[in-house]
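S.K.: The following block contains the structure, expressed as structure tokens.
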Amino acid sequence: MPMQLTYQTRQQLNEKLIIQELQWRRFMPKLLPLLYRIHQILPITEETNLCFSNDLSIKKLNDQFRGKNKPTNVLTFELPGGGMIGGDIIFALQTIQKEAQQNKRPFMHHLAHLIIHGLLHLQGYDHIYVNEAKEMEMREALLLQKLNIPNPWKLYPSRSI
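Here it is, written out as structure tokens:
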């Protein structure tokens, strides 16, 4: 079983951070302030677990729950009842690093986008249909703008999460 670390922060955050992939530790000095800033613009009312994992773990989950036998950047699992109640958001380090590099985006900008993306899923947003995707993308862009992060949809309009 992989070692897991849980971080406690001084700021009042509802999120619990679970580190499954120890390589994530090097990002903690930037990640914790980023999470606090995201929390200020996108509050979550109940506990949300943010699990910082790897491609192998997320590939297994993606296959088990979505029938896709490949890694993905982020998976979100709502608690029963949905809508700002909370849930689990799992991030795959290697996929996120690869995407950031391919798109020539700073890693932390891409990660901020994926954190917001996962949190919006917990609030009921989705991107299955084109109209839903556009609404979710606009919301993501607005929230990223508040963090002074460029709109990824303008930079990479054909890309999809």
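Numbering of the sequence shown is given in this note's numbering, commencing with residue -3 and proceeding in unit increments.
We put the beta carbon where it would ideally sit given N, CA and C, even for glycine.
In this text the structure is predicted, and so the values were computed from the model without any measurement.
Can you grab the Cα-Cα spacing for the pair I54 / E95, in whole Å?
M.R.: 15 Å
S.K.: The alpha helix (DSSP H) that contains E131, what's its start and end?
M.R.: In the DSSP assignment, E131 falls within the unbroken alpha helix (DSSP H) covering 126 to 142.
S.K.: What did DSSP end up calling N58 once you bin it into helix, strand or coil?
M.R.: helix
S.K.: Touching or not, the segment 58 to 68 and the segment 119 to 139, by the rule of three or more beta carbon pairs under 8 Å?
M.R.: no
S.K.: If you scan the segment 26 to 52 from start to end, which runs of the beta strand (DSSP E) of 3 or more residues do you find wholly inside it?
M.R.: 44 to 49
S.K.: Apart from the five residues on each side of it in sequence, which residues of its chain come closer than 6 Å, Cβ to Cβ, to D122?
M.R.: E128
S.K.: Would you mind reading off the limits of the alpha helix (DSSP H) that contains L107?
M.R.: Its alpha helix (DSSP H) spans residues 103 to 118.
S.K.: I need the DSSP call for L89, collapsed to helix, strand or coil.
M.R.: helix
S.K.: Closest to D51 by CA distance: which of G83, L18, H35 is it?
M.R.: L18
S.K.: Rounding to the nearest angstrom, what Cα-Cα distance links N45 and P148 in this structure?
M.R.: 25 Å
S.K.: Give the straight-line distance between the Cα atoms of L107 and Q93, rounded to the nearest whole angstrom.
M.R.: 9 Å
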